[in-house]
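**Q** Residue 747 is where the sequence shown ends in the numbering used here, and the numbering goes up by one at each step.
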Amino acid sequence: MRTQIRSWLTQLGGAVLTVLGTVLIAFILLRMLPGDPARLVAGEFASPEVVEAQARHMGLDQPIPIQFLTYIGSFLTGDWGFAYSAGMPVREILLSRFPASIELALWAFVFALALAVVLALVITYRKNPPLDGAVRGFAFLAHGVAPFWLALVTLLVFSQLLPVFPGPEGRLSGGEQFDLGPTGFYLVDSLVHGRFDVFVDALWHLVLPAIVLGIGPFSYLVRLLRANLLEVGNAPYITLARSKGIGRFRSFARHALPNALFPTLTASALIFAQLVAGSVLVESVFNWPGVGQLVVDSVLAKDYAVVQAFILLSAVMYVIISLALEFIYGLIDPRVRLRGN
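#1: What is the residue span of the alpha helix (DSSP H) that Glu458 lies within?
#2: Secondary structure at Ala662, three-state DSSP: helix, strand or coil?
#3: Mind checking whether Gly590 and Pro505 have CB atoms under 8 Å apart?
#4: Between Phe571, Val725 and Phe474, which has its C-alpha nearest Ala557's C-alpha?
#5: So what does DSSP say about Met494, is it helix, strand or coil?
#6: Less than 8 Å separating the beta-carbons of Leu619 and Ser685?
#7: In three-state terms, what does DSSP make of Phe488?
#8: What are the boundary residues of the alpha helix (DSSP H) that includes Asp603?
#9: Helix, strand or coil: which one does DSSP assign to Gln468?
#10: Who are the near neighbours of Leu418 in its chain, counting only those whose CB is closer than 8 Å to its CB and skipping five residues on each side?
#11: To the nearest whole angstrom, what separates the beta carbons of Ala511 and Val691, a pair I think is in contact under 8 Å?
#12: Check whether the stretch 640-655 touches the stretch 544-559, taking contact to mean three or more Cβ pairs, one atom from each stretch, closer than 8 Å.
#13: Measure how close the beta-carbons of Ala608 and Arg654 come, nearest whole angstrom, since I'm counting them as under 8 Å.
#14: Is Phe515 near Ile617, with beta carbons less than 8 Å apart?
#15: State the DSSP-derived secondary structure class of Asp595, mapped to helix, strand or coil.
#16: In whole angstroms, what separates the C-alpha of Pro469 from that of Arg437?
#17: Starting from Thr483, trace the alpha helix (DSSP H) both ways and give me its first and last residue.
#18: Is the beta carbon of Leu700 closer than 8 Å to that of Arg503?
#19: Is there a Cβ from chain D that is less than 8 Å from the Cβ of Ser704?
#20: Hey, how far is the Cα of Ala522 from the Cα of Leu627?
#21: On the criterion of 16 or more Cβ atoms from any shown chain inside 10 Å, does Leu482 qualify as buried, or is it exposed?
#22: Considering only residues of the same chain and omitting the five flanking positions on each side of Val712, which have a CB-CB separation below 6 Å?
#23: Whole-angstrom Cβ separation of Gln714 and Ala448, contact assumed at under 8 Å?
#24: Check this for me: beta carbons of Ala673 and Ile727, under 8 Å apart or not?
#25: Starting from Pro535 and walking both ways along the alpha helix (DSSP H), at which residues does that stretch end?
#26: Rounded to whole angstroms, what's the CA-CA distance from Asp442 to Ile508? Just pull it up for me.
#27: Would you kindly report the start and end of the unbroken alpha helix (DSSP H) that includes Gly698?
#28: Kindly list the residues whose CB is nearer than 6 Å to the CB of Val457, restricted to its own chain and excluding five residues on each side of it in sequence; keep chain order.
#29: Along the alpha helix (DSSP H) that carries Ala683, what are the first and last residues, could you check?
#30: Does the stretch 631-639 touch the stretch 587-605, meaning 3 or more C-beta pairs lie closer than 8 Å?
#31: Let me confirm a value: Thr416 is counted as buried when at least 16 other C-beta atoms fall within 10 Å, else exposed. Which label applies?
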């Protein structure tokens, strides 16, 4: 028990150092960017005295180590800074944008995982080399394609040439918003309030960006699931199930697939976190009002507080998910717990 506690404390200490290191690097790099944030806030025609006073107000006159420690202390007390480009507190604007990014990431992940499971199950069950090669080739291409380029192409084809889906209007037609709550997820909130017209409109605007965002994770998940299914497909318990008269497809679907999905738990959770934090380009192309588009606008406006808070929250999210998965793995699989000890 003592060894296990020591292992947990070591992992927790490493997680804290990871977050602090990530934020420190981003903190320094942001201050190396050209331009003066104090000048941007004070205005182009502000006097040097006004700019200097604004810099003192923003804490930019302090040494970088002091700025960093002050920022971490303020963040832990709930003061995430002020977004001068938006004219509101950083905490408020980030929390208002996260539901849009989470909803997009959730459906992108559902698309990626569902398509990966179906194709991996089909190619391992059929054992058809041409089909296997085609799926692997498609996964290879999907892994290499740039999300920004794919987003532009899908918009050009399915919004302009074949106007099946709406253009880059955001979450609803005409850039409208549906902020009646309670979750911030338009698909859920529209059903809660009985607005089926809003549900259909929100779903239609969600399809293209979710597919574009989910293509990359699909390429990784389908290859991982294929390898796991091939490994467990010849396991003794599959042979035993077949000897009891269970059909080949049923034995694959009921016995091989759950065991093949277990090793993808870590990858799936981290992929979802990556989708939430890494949808910057896709959100920009589709004009999706999430944190990704907010970060792009904040970088262009030299709004350090927003970018720093986003990086810190992303690092904390990754670390928490990693620690939670390590703990869950230890509970489910004793081999992981023994290896950690």
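Even glycine gets a Cβ: it sits at the ideal position worked out from N, Cα and C.
**A** On the basis of the data shown:
#1: Pro454 to Met464
#2: helix
#3: yes
#4: Phe571
#5: strand
#6: yes
#7: strand
#8: Phe602 to Val638
#9: coil
#10: Leu729
#11: The Cβ separation is near 16 Å, so there is no contact.
#12: no
#13: Going by Cβ atoms, the distance from Ala608 to Arg654 rounds to 41 Å, so no, they are not a contact pair.
#14: no
#15: helix
#16: 11 Å
#17: Neither: Thr483 is in no alpha helix (DSSP H) and is coded neither H nor E.
#18: yes
#19: In the structure shown, chain D does not exist; there is a single protein chain.
#20: 6 Å
#21: exposed
#22: Ala489, Val496 and Ser704
#23: Contact flag wrong, Cβ pair sits at about 20 Å.
#24: no
#25: Pro535 to Gly550
#26: 33 Å
#27: Val697 to Leu706
#28: Ala444, Arg445 and Ala448
#29: Thr670 to Ala683
#30: no
#31: exposed
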